[in-house]
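Just below is one structure, and these are the notes that go with it.
Numbering (the numbering used here), first residue to last: 10 to 322.
Shown next as structure tokens:
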């Protein structure tokens, strides 16, 4: 006996009893079948995703969240750079103008920047013609854009005997404590903003590996200091080599200005001054009363060879 056929007929009779007499029975059956298929598809999508070990459920809420995330993470366009009024004027004289550096009684000159660090070694900053004194220039890798400035801006200049360029930075080397107390702040205005920096270190350094038994401290390559270890190493190296011990504090998000010029202690030696940017809302005044001479600065090995002494760890 075919019991399945009887059950099917009975179910159809039950459907007919609960529906109005004029209702289209075929439409109801079609809707039920469609709903069943849709539910099966949803269950399948929720429980299995190709190439994934985790269940993936695509729902209306998920799509809304995705759309909202896209809106939130959309970045607004950066504001355009605005030149300082004096920068607009100076660009008419200095094609590659990158600011102005000033330390009263020491230096007061324009800064330029080009795509090649060697370009301004022997060229005048205004005419770009041959000039043995060259120009004060920013390392080509340094970003001076106020929207994304380099953590450390490195400026180079010849140690000119006539006192131009970085020729008078030697005063800090010959009489470190005296000149530090006299002029502890550097002013460096880029083409876009005005900033001041507090000197916290000054030292004599080698540029050739064979002149020291320690790893070379290539200070001029510490331009981007995103890594904590690199940041700390830069500050530590500057402090222990400094001819003067200062109380200028350093914080992780600080920016620096490094001045580099040639020196005469040994072949290819350099004299370097490093300053920390004055923070927003901070006074540019420096309490120099606590500054003192460093009686044990770290020099390259070649310095001790010529001058005697040694570094005490």
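The beta-carbon is built from N, C-alpha and C at its ideal position, and this holds for glycine as well. Everything numeric in this text was worked out from a predicted model, so none of it was measured.
query                                                                                                                                                                    : result
Hey, residue 254 and residue 192: beta-carbon distance below 8 Å or not?                                                                                                 : no
Thinking C-alpha only, which one of 287, 208, 181 and 199 is nearest residue 94?                                                                                         : 199
In three-state terms, what does DSSP make of residue 100?                                                                                                                : coil
I need the DSSP call for residue 249, collapsed to helix, strand or coil.                                                                                                : helix
Residues in its own chain within less than 6 Å of residue 209 by CB, not counting five upstream and five downstream?                                                     : 255, 257 and 285
What are the boundary residues of the alpha helix (DSSP H) that residue 314 is part of?                                                                                  : 310–316
When you compare each of 287, 272 and 190 to residue 262 by their alpha carbons, which one comes out closest?                                                            : 287
Return the chain-ordered list of same chain residues with a C-beta closer than 7 Å to the C-beta of residue 8, the five sequence neighbours on each side being excluded. : Nothing in the structure corresponds to residue 8, since the chain is present only between 10 and 322.
Using 10 angstroms around the beta-carbon of residue 4, count the other beta-carbons present and answer buried if the total reaches 16, otherwise exposed.               : Because the chain is modelled from 10 through 322, residue 4 falls outside the range shown and cannot be assessed.
Could you tell me which residues DSSP puts in a beta bridge with residue 294?                                                                                            : Residue 294 pairs with nothing; no bridge assigned.
Do you know offhand how far residue 274's Cα is from residue 158's?                                                                                                      : 33 Å
May I have the straight-line CA-CA distance separating residue 249 from residue 268, to the nearest angstrom?                                                            : 17 Å
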